[in-house]
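**Q**
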């Protein structure tokens, strides 16, 4: 079996301003909703590639895929405190109203369509019918209203609080329409609603689990929580009822994989060893030395993706000599960013000329 290594382009000293990839979440989530099911849709080529005719390989149902994660989330409640491990896993458990595709356009997901009023202060989403949560309850307009009102009630714990600060009210109209009324027209609402933290959750499950919902999350995603062994792994099982994959995927139904395993391995070197020994199947790396090692590994496939990340050299502009803009400009002009990409990143990465990635919305 040929294993997969996902290669992240990461910034170094004023170097990289990388655009997010729809294939990975964004952080998850990228983190994009497409990320929630892409591994499932491509699982067969990973698990059972046909070396002679890879383009003709047919998906095979079954099997397990193990991915190494550096940080274990403390909770899988999207309205709890955000964490690096959380946004990796949430897109597989929860679906969002919309998602952002690789061209940075918003596409329908749980919402079949949406309309914005002429004054830009009302956005109405029409939900697709027949969607069920993992507990069998319907995902309807009332569930969507509950989800976002809960995010606001959770206060500062929710990563959505600042994004929804402009929302005046959320109303369910019948079973299939949700209306967001804004205080002012917003160019960021759709962006917020496409993140993993905006995934729709089951009101019944929240009522049942209470404060423990983060340990027993229930959404409508292609996978559902099967087990959680603290300090070791989080296991997700295929949602057999899943039938609402986004249009970016050929497979709109249940995932091909039986389960996804997120193996907690904090140390990068240990992750690499686990990958080489077959303990994990998917590894995210950003170190040139590791990239060089795995590039020469016939059993590994490197898939390049990008992070919306920037590492920079900062100045205290209140103290000399950096209080002089000419000094700061001189340093900026003196740094050969392209050369640093070559020396520090082995040729990967993109020189940045702004703290904002070119593909950020707005």
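In the numbering used here, the protein residues as written are 10 to 371.
Built from N, CA and C at the ideal position, the CB exists for glycine as well.
Note that the structure is a prediction, hence the values are computed from the model and not measured.
1) How should residue 42 be labelled, buried or exposed, when 16 other C-beta atoms within 10 angstroms of its C-beta is the threshold for buried?
2) Tell me, please, whether the stretch 292 to 306 touches the stretch 264 to 273 by the rule of three or more beta-carbon pairs shorter than 8 Å.
3) Considering only C-alpha positions, which residue in the set 255, 187, 206 and 257 is nearest to residue 171?
4) Taking the alpha-carbon of residue 156 as reference, which of 276, 341, 133 and 227 has the nearest alpha-carbon?
5) In its own chain, which residues sit with a C-beta less than 8 Å from the C-beta of residue 241, not counting the 5 before and 5 after it?
6) Per the DSSP calculation, residue 126 is bridged to which residue(s)?
7) When the Cα atoms are used, what is the spatial distance from residue 299 to residue 306?
8) Within its chain, find whatever has a CB closer than 6 Å to the CB of residue 124; leave out the 5 residues flanking it on each side and keep chain order.
9) In the DSSP assignment, what residue or residues form a beta bridge with residue 237?
10) If you draw a straight line from the C-alpha of residue 336 to the C-alpha of residue 356, how long is it?
11) What residues match up with residue 73 in a beta bridge as DSSP calls it?
12) Give the secondary structure of residue 313 by DSSP, where H, G and I count as helix, E and B as strand, and everything else as coil.
13) Within this structure, are the beta carbons of residue 166 and residue 89 separated by less than 8 Å?
14) Should the stretch 195 to 212 be regarded as contacting the stretch 143 to 154, the criterion being three or more beta carbon pairs within less than 8 Å?
15) I'd like the span of the alpha helix (DSSP H) that includes residue 101, first residue to last.
16) Just how far apart, CA to CA, sit residue 280 and residue 352?
17) Let's test the definition: count the other Cβ atoms within 10 Å of the Cβ of residue 254 and tell me whether it reaches 16, buried, or not, exposed.
18) Kindly list the residues whose CB is nearer than 6 Å to the CB of residue 192, restricted to its own chain and excluding five residues on each side of it in sequence; keep chain order.
19) With DSSP collapsed to three states, give me the class of residue 353.
20) For residue 304, which residues from the same chain have a beta carbon less than 8 Å from its beta carbon, with the 5 sequence-adjacent residues on both sides left out?
21) Output yes or no for whether 8 Å exceeds the beta carbon distance between residue 199 and residue 189.
22) With a CB to CB cut of under 7 Å and the five nearest residues on each side skipped, what residues in its chain are close to residue 233?
23) Does the Cβ of residue 326 have 16 or more other Cβ atoms within 10 Å, making it buried, or fewer, making it exposed?
24) If distances are taken between C-alpha atoms only, which option among 262, 308 and 283 comes closest to residue 70?
25) Taking buried to mean at least 16 other C-beta atoms within 10 Å of its own C-beta, is residue 236 buried or exposed?
26) In three-state terms, what does DSSP make of residue 300?
27) If we call anything under 8 Å between Cβ atoms a contact, is residue 120 one with residue 136?
28) Give me whichever residues DSSP pairs with residue 186 in a beta bridge.
29) Once the 5 residues before and after residue 229 are set aside, which same chain residues still bring their CB inside 6 Å of it?
30) Which residues share a DSSP beta bridge with residue 334?
31) Please classify residue 75 as buried or exposed, where buried requires at least 16 other C-beta atoms within 10 Å of its C-beta.
32) Identify every residue that forms a DSSP beta bridge with residue 115.
33) Indicate whether residue 85 and residue 95 have their beta-carbon atoms separated by less than 8 Å.
34) What are the boundary residues of the alpha helix (DSSP H) that includes residue 285?
**A** Put simply:
1) Within the chain shown, numbered from 1, the residue matching residue 42 stands at position 33. Bear in mind that the predicted position of residue 42 carries a pLDDT of just 32, short of 50, making it unreliable; the figure below should be weighed with that in mind. Per the 10 Å Cβ criterion, buried.
2) Contact between the stretch 292 to 306 and the stretch 264 to 273 is absent, with fewer than three C-beta pairs closer than 8 Å.
3) Stepping through the chain shown from its first residue, residue 171 is reached at position 162. When each option's Cα is compared against that of residue 171, the closest is 206.
4) Start at 1 with the first residue of the chain shown, and residue 156 comes out as number 147. Nearest of 276, 341, 133 and 227 to residue 156, Cα basis: 227.
5) Translated into the one-based positions of the chain shown, residue 241 becomes position 232. If the five residues before and after residue 241 are omitted, its C-beta is found closer than 8 Å to the C-beta atoms of 272 and 273, all from its own chain and listed in chain order.
6) As a position in the chain shown, residue 126 is number 117, starting the count at 1. According to the DSSP secondary-structure assignment, residue 126 is paired through a beta bridge with no residue.
7) Residue 299 sits at position 290 when you count from the first residue of the chain shown. Residue 306 sits at position 297 when you count from the first residue of the chain shown. When only Cα atoms are considered, residue 299 and residue 306 end up about 11 Å apart.
8) For the purposes of this step, residue 124 is taken as residue 115 along the chain shown, with counting starting at 1. Counting only Cβ-Cβ distances below 6 Å, and skipping sequence neighbours, we find 133.
9) Taking the first residue of the chain shown as position 1, residue 237 is located at position 228. Beta bridge pairing from DSSP links residue 237 with 243.
10) Numbered from its first residue, the chain shown carries residue 336 at position 327. Numbered from its first residue, the chain shown carries residue 356 at position 347. It is roughly 28 Å from the alpha-carbon of residue 336 to the alpha-carbon of residue 356.
11) By 1-based counting over the chain shown, the position of residue 73 is 64. According to DSSP, residue 73 bridges with 268.
12) Within the chain shown, the letter at position 304 stands for residue 313. Looking at residue 313 - three-state DSSP - the assignment turns out to be strand.
13) As a first step, residue 166 is located in the chain shown; it is residue number 157 there, counting from the start. As a first step, residue 89 is located in the chain shown; it is residue number 80 there, counting from the start. A contact, by the Cβ cut-off of 8 Å.
14) The stretch 195 to 212, when compared against the stretch 143 to 154, does touch it at the 8 Å Cβ threshold.
15) Translated into the one-based positions of the chain shown, residue 101 becomes position 92. Under the DSSP assignment, residue 101 falls in the alpha helix (DSSP H) whose first and last residues are 95 to 102.
16) For the purposes of this step, residue 280 is identified with residue 271 of the chain shown, where counting begins at 1. For the purposes of this step, residue 352 is identified with residue 343 of the chain shown, where counting begins at 1. For the pair residue 280 and residue 352, the Cα-to-Cα distance works out to about 24 Å.
17) Stepping through the chain shown from its first residue, residue 254 is reached at position 245. When all chains shown are included, residue 254 counts as buried.
18) Counting from 1 along the chain shown, the entry for residue 192 is found at position 183. Around residue 192: 175 and 177.
19) Numbered from its first residue, the chain shown carries residue 353 at position 344. When secondary structure is reduced to three states using DSSP, residue 353 falls in the helix class.
20) Sequence index remark: in the chain shown, residue 304 carries index 295 (1-based). Exclusion of the five residues before and after residue 304 leaves 311 as the residues of its chain whose Cβ lies within less than 8 Å of its Cβ.
21) As a working note, residue 199 is residue 190 in the chain shown. As a working note, residue 189 is residue 180 in the chain shown. Going by beta carbons, residue 199 and residue 189 fall outside the 8 Å limit.
22) Position 224 of the chain shown, counting from 1, holds the residue named residue 233. Close CB contacts of residue 233 within its chain, under the 7 Å cut and outside five residues either way in sequence, are with 102, 143, 245, 246 and 248 (chain order).
23) As a working note, residue 326 is residue 317 in the chain shown. Flag for residue 326 reads exposed.
24) By 1-based counting over the chain shown, the position of residue 70 is 61. The shortest C-alpha separation from residue 70 is found at 262.
25) Locating residue 236 in the chain shown gives position 227, counting from the first residue. With fewer than 16 other Cβ atoms within 10 Å, it is exposed.
26) Taking the first residue of the chain shown as 1, we reach residue 300 at position 291. Helix.
27) Taking the first residue of the chain shown as position 1, residue 120 is located at position 111. Taking the first residue of the chain shown as position 1, residue 136 is located at position 127. In contact: residue 120 and residue 136 (Cβ atoms closer than 8 Å).
28) On the chain shown, position 177 is the one that residue 186 refers to. Looking at the DSSP output, residue 186 bridges to 135 and 182.
29) The residue labelled residue 229 in the question sits at position 220 within the chain shown. These residues qualify, in order along the chain: 104, 140, 142 and 148.
30) Looking up residue 334 in the chain shown gives position 325. Listed as beta-bridge partners of residue 334 by DSSP are no residues whatsoever.
31) Residue 75 sits at position 66 when you count from the first residue of the chain shown. Residue 75 comes out buried.
32) Looking up residue 115 in the chain shown gives position 106. In DSSP, residue 115 forms a bridge with 109.
33) Reading the chain shown from its first residue, position 76 is the one you call residue 85. Reading the chain shown from its first residue, position 86 is the one you call residue 95. The beta carbons of residue 85 and residue 95 sit closer together than 8 Å.
34) Taking the first residue of the chain shown as 1, we reach residue 285 at position 276. Secondary structure note for residue 285: its alpha helix (DSSP H) is the uninterrupted segment 277 to 286.
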